[in-house]
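Student: Under the numbering used here, think of the first position of the sequence shown as 348, with each following residue one higher. Here a beta-carbon is modelled for each residue, glycine too, at the ideal position from N, C-alpha and C. First the structure, then my questions, so here it is.
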Amino acid sequence: MEKTKIGIVGCGDISEIYLKNTTGTFDNLEVVACADIIGERSKAKAEAYGIEALSTEELLKRRDIEIVLNLTPPKTHREISQKALEAGKHVYSEKPLGISREEGKLLFDTAKAKGLYLGCAPDTFLGGGIQTCRKLIDEGWIGKPFGSVAFMVGGGPAEFHPSPDFFYKSGGGPLLDMGPYFVTAMINLFGPALRVSAFTATPYEEKTILGPVRYGEKIKVETPTYINGSLEFANGVCASLLTSFDSHGSYGKSGLPFLQIFGTEGTLFVPDPNTFGGPVRLRRFAGEVQEIPVTHGFTENSRGIGLSDMAASIRAGRKARVSADLAYHALDIMFGFYDSAKQGAHITLESSCERPEPLARVLPKNSTEA
Ligand SMILES: NC(=O)c1ccc[n+]([C@@H]2O[C@H](COP(=O)([O-])OP(=O)(O)OC[C@H]3O[C@@H](n4cnc5c(N)ncnc54)[C@H](O)[C@@H]3O)[C@@H](O)[C@H]2O)c1
């Protein structure tokens, strides 16, 4: 089948893995052009991958490009995605969909009105680790899930990032930066949420940069950096999600679980929702915790699997797994947390979405497993 032609806007850090995977792992995609506001960056990627370097305007005019992959920073997601939709292109954006609920809604409505596909990272929930968890839940290995706790805690980008300023401004913060991985994984595992509530804190007025590039410089903190949220899902699961940039030490080293799910017959230990692989661990009743073999493929850094699924869905005329309503529901949940903290009330969500279809298992070559 003819490959779907992709144009990338934004040739920074994350573009490398997308370029690598779209020219290797996913053979239904062909990146033909790229653009960046900094011309040297698009030229360098174009040379390395044998594609064309264009301006964003030229890229949007290319008739052969079906999907625009928006890899610009969060504050320009809306502008670039909107322009691409207006140009009649399907859009796959890095997360978050926008930096306000209004931005997300505008994109959602535009895509719907134009009959175009709109998707937003993360696609880590399509990785082997979380697809295995989905299978275990759907097959009843933990009985009926009723509760869940998730922790995204670390010292934050001031400790390591060369240019961490944006993460501490409105539109940044741990919730919009890392929350999408956790919220999207939860929606995939439990379905849509009905209500949310949260408390937030901003313990530091300033953060000191500890990375080597601007060591010692201060950043004024203008957004909550500690968000303690609760979610009530339509399937009855009552969940907690803590996102923090203030919990000293590296993300993943806190000793707290990434995502743990309690069911009437057991507990499931879900791997880091910011990764594609395992380990997946399960305790049935009061037994020992056991590591469960990962049953699905795409356990390596498979960024782009959602884009590949979108391209296949466009061809097949079916709903993409990384869909506009999933992306908007995830954004609505996160802004629901902020609204709840400000208003001191539960927030009943206006958005909802279908639980994405699970992926088929991909067996290793020569496997005789049924
Ligand atoms: N870096 C990571 O590890 C990582 C991981 C997961 C997701 N993401 C997400 O990927 C996105 C990009 O992050 P990044 O780390 O690659 O950022 P980056 O700053 O390294 O790259 C962004 C690129 O976009 C370009 N750009 C900015 N405005 C533009 C415009 N108006 N038109 C065209 N190009 C423009 C910049 O010049 C830059 O080259 C963000 O949404 C981020 O949340 C990043």
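#1: Going by Cα to Cα distance, which pick from E394, T642, K430, D619 is closest to V530?
#2: For the alpha helix (DSSP H) that A391 lies in, which residues bound it at each end?
#3: For R631, which beta-bridge partners are listed by DSSP?
#4: Compute the distance between the beta-carbons of K430 and A468, then report whether it is under 7 Å.
#5: Can you round the beta-carbon distance between S495 and V584 to whole angstroms, since I take them to be within the 8 Å contact cut?
#6: If you measure from each residue's Cβ to the nearest non-hydrogen atom of ligand 1, which ones come out under 7 Å, in chain order?
#7: What distance in whole Å lies between the Cβ atoms of V543 and L578, which are believed to be in contact at a cut-off of 8 Å?
#8: Buried or exposed: which applies to S597, given that a residue is buried once 16 or more other Cβ atoms fall within 10 Å of its Cβ?
#9: Could you pull the DSSP bridge partners for S587 from this structure?
#10: When the Cα atoms are used, what is the spatial distance from H437 to L589?
#11: Using a Cβ distance threshold of 8 Å, determine whether the stretch 666-677 contacts the stretch 499-513, with at least three qualifying pairs required.
#12: Could you tell me which residues DSSP puts in a beta bridge with S544?
#13: Whose C-beta lies closer than 6 Å to the C-beta of A434 among residues of the same chain, with five residues either side of it excluded?
#14: Among the candidates I364, D383, P705, A395, whose CA atom is the shortest distance from the CA of I427?
#15: Figure out for me which residue from F493, S594, K567 has the closest Cα to the Cα of N575.
#16: In whole angstroms, give me the CA-to-CA distance for F514 and G634.
#17: Can you tell me whether H424 is buried or exposed, with buried defined as 16 or more other CB within 10 angstroms of its CB?
#18: Please list, in chain order, all residues of the same chain as A548 whose beta carbon is under 7 Å from its beta carbon, the five residues on each side excluded.
#19: Rounded to whole angstroms, how far is the Cβ of L376 from the Cβ of K350, which I believe are closer than 8 Å?
#20: To the nearest angstrom, report how far apart R630 and A545 are at their CA atoms.
#21: Counting C-beta neighbours from all protein chains within 10 Å, is the total for I591 16 or more, i.e. buried, or is it exposed?
#22: According to DSSP, E553 sits in a beta bridge with which residue or residues?
#23: I'd like to confirm the pairing. Which residues does DSSP put opposite Q607 in its beta bridges?
Tutor: The short version:
#1: Counted from its first residue, the sequence shown places residue 530 at position 183. In terms of CA proximity to V530, D619 leads the group E394, T642, K430, D619.
#2: Indexing the sequence shown from 1 puts residue 391 at position 44. Looking at the DSSP string, the run of the alpha helix (DSSP H) that includes A391 is 386-396.
#3: For the purposes of this step, residue 631 is identified with residue 284 of the sequence shown, where counting begins at 1. According to DSSP, R631 bridges with G613.
#4: As a first step, residue 430 is located in the sequence shown; it is residue number 83 there, counting from the start. As a first step, residue 468 is located in the sequence shown; it is residue number 121 there, counting from the start. It is not a contact, given that the beta carbons lie outside the stated cut-off.
#5: Position 148 of the sequence shown, counted from the start, is the residue given in the question as residue 495. Position 237 of the sequence shown, counted from the start, is the residue given in the question as residue 584. Right, their Cβ atoms sit about 6 Å apart.
#6: V356, G357, C358, G359, D360, I361, S362, A382, D383, I384, I385, R388, T403, L418, T419, P420, P421, T423, H424, E426, I427, E441, K442, A468, D524
#7: On the sequence shown, residue 578 is found 231 positions in, with the first residue counted as 1. On the sequence shown, residue 543 is found 196 positions in, with the first residue counted as 1. Right, the Cβ-Cβ distance comes to about 5 Å (below 8 Å), so this counts as a contact.
#8: Position 250 of the sequence shown holds residue 597. So S597 counts as exposed.
#9: Taking the sequence shown and counting its residues from 1, one reaches residue 587 at position 240. Answer by DSSP bridge pairing, in chain order: V496, S577.
#10: The sequence position of residue 437 within the sequence shown is 90, counting from 1. The sequence position of residue 589 within the sequence shown is 242, counting from 1. Whole-angstrom Cα-Cα distance: 33 Å.
#11: no
#12: If you number the sequence shown from 1, residue 544 lands on position 197. DSSP lists S577 as partners of S544.
#13: Taking the sequence shown and counting its residues from 1, one reaches residue 434 at position 87. Within the same chain, A434 has close Cβ partners L407.
#14: For the purposes of this step, residue 427 is taken as residue 80 along the sequence shown, with counting starting at 1. Residue D383 holds the alpha-carbon nearest to the alpha-carbon of I427 among I364, D383, P705, A395.
#15: Within the sequence shown, residue 575 is the residue found at index 228, counting from 1. Ranking F493, S594, K567 by Cα distance to N575 puts S594 first.
#16: Walking along the sequence shown from the start, residue 514 turns up at place 167. Walking along the sequence shown from the start, residue 634 turns up at place 287. Between F514 and G634, the C-alpha separation is close to 42 Å.
#17: In the sequence shown, the residue the question calls residue 424 occupies position 77. Flag for H424 reads buried.
#18: Along the sequence shown, one-based indexing puts residue 548 at 201. Excluding residues within five positions, the ones whose Cβ falls inside 7 Å are P571, Y573.
#19: Taking the sequence shown and counting its residues from 1, the one referred to as residue 376 is at position 29. Taking the sequence shown and counting its residues from 1, the one referred to as residue 350 is at position 3. The pair is a contact, with the Cβ atoms about 6 Å apart (cut-off 8 Å).
#20: Position 283 of the sequence shown holds residue 630. Position 198 of the sequence shown holds residue 545. Approximately 29 Å between the Cα atoms of the pair.
#21: The sequence position of residue 591 within the sequence shown is 244, counting from 1. Note that residue 591 is Ser in the sequence shown, not Ile. It counts as buried.
#22: Position 206 of the sequence shown holds residue 553. Answer is K567.
#23: Locating residue 607 in the sequence shown gives position 260, where the first residue counts as 1. Note: Q607 sits in a beta bridge opposite V496, F616.
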